[in-house]
Amino acid sequence: MADTALLIVDVQNDFCPGGALPVPEGDQVVPVLNQAIERFQQAGAPIIASRDWHPERSTHFAAYGGKWPVHCVQRTEGAAFHPDLRLPEDAIVVSKGMGENEDGYSAFEARTDDGTPLESLLREKGIRRLVVGGLATDYCVRASVLGALERGIEVLVLQDAIRGVDVQPGDSERALAEMQQKGAKLVSLEEVDLS
Ligand code: VGL
Ligand code: ZN
């Protein structure tokens, strides 16, 4: 459907095994998302990739009072998209967490390089439905999904294309329950109709 876009959340090296803030099995979302990318490309539907894009000093980091080890610092290898993720040339990249006092969990806090917020972008393109996958289930996927639902955008979450950090055991499961309770549908890629 022309009103549907794929939103790939934060599939970056630092969130994958070997990275600074690894999500267990984080890299396993990549093959599923590559299939999704192919489907969306064939359907001519927009593909959007968000990235965590922090300054070196940020209150998001434990060293400055925050919660996390230093990760996804702008222009570092850790902030690069996973090398196996086959983002097409015309994928739209939006960045978030750039402020020194900003967590930037939601892709709705993200902007393109020329400053266009995700929500404006979706409105311009007439997008009313998002298919979402990426990292991490209990942080940026959760915040992005809830952000979409709050804005009246329909959300399908690709259940095989998400993984969570689970700082507390069960965080991801609780996040998924919350997303569903607020209206998101958990689906597999085969169930997504783009016709
Ligand atoms: C994220 C923790 C810290 C995420 C970002 O992308 O889910 N999690 N920064
Ligand atoms: Zn972050």
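Mapping of the sequence shown onto the numbering used here: residues 789 to 983, in sequence order.
Beta carbons are placed, not taken as given, at the ideal position from N, Cα and C, and that holds for glycine.
Helix, strand or coil for V861, going by three-state DSSP, please let me know.
strand
With H, G and I counted as helix, E and B as strand and the rest as coil, what does DSSP make of I880?
In this structure, I880 counts as strand in the three-state DSSP scheme.
Hey, how far is the Cα of C804 from the Cα of S838?
15 Å
Please report the distance separating the alpha-carbon of D791 from that of E966.
25 Å
Comparing the CB of W856 with every heavy atom of the ligand VGL, is any distance shorter than 7 Å?
yes
Roughly how many angstroms separate the alpha carbons of D872 and G971, rounded to a whole number?
31 Å
To the nearest whole angstrom, what separates the beta carbons of G814 and L923, a pair I think is in contact under 8 Å?
Contact check for G814 and L923: beta-carbon distance about 5 Å, within the 8 Å limit, so the pair qualifies.
Could you tell me if the beta carbon of H870 falls within a distance shorter than 7 Å of some heavy atom in the ligand ZN?
no
Nearest to T904 by alpha carbon, out of I880, E888, G887 and G914?
I880
Does the beta-carbon of K855 have 16 or more other beta-carbons within 10 angstroms, so that it is buried, or is it exposed?
exposed
Once you ignore the five residues that flank D901 on each side, which residues in its own chain have a CB closer than 8 Å to its CB?
V881 and S883
Does DSSP classify S846 as helix, strand or coil?
For S846, the three-state secondary structure derived from DSSP is coil.
Can you tell me whether D878 is buried or exposed? The criterion is at least 16 other CB atoms within 10 Å of its CB, across all chains shown.
exposed
On a CA-only basis, which of V818, G940, A936 and Q968 is nearest A898? Give me that one, please.
Among V818, G940, A936 and Q968, the Cα nearest to that of A898 belongs to A936.
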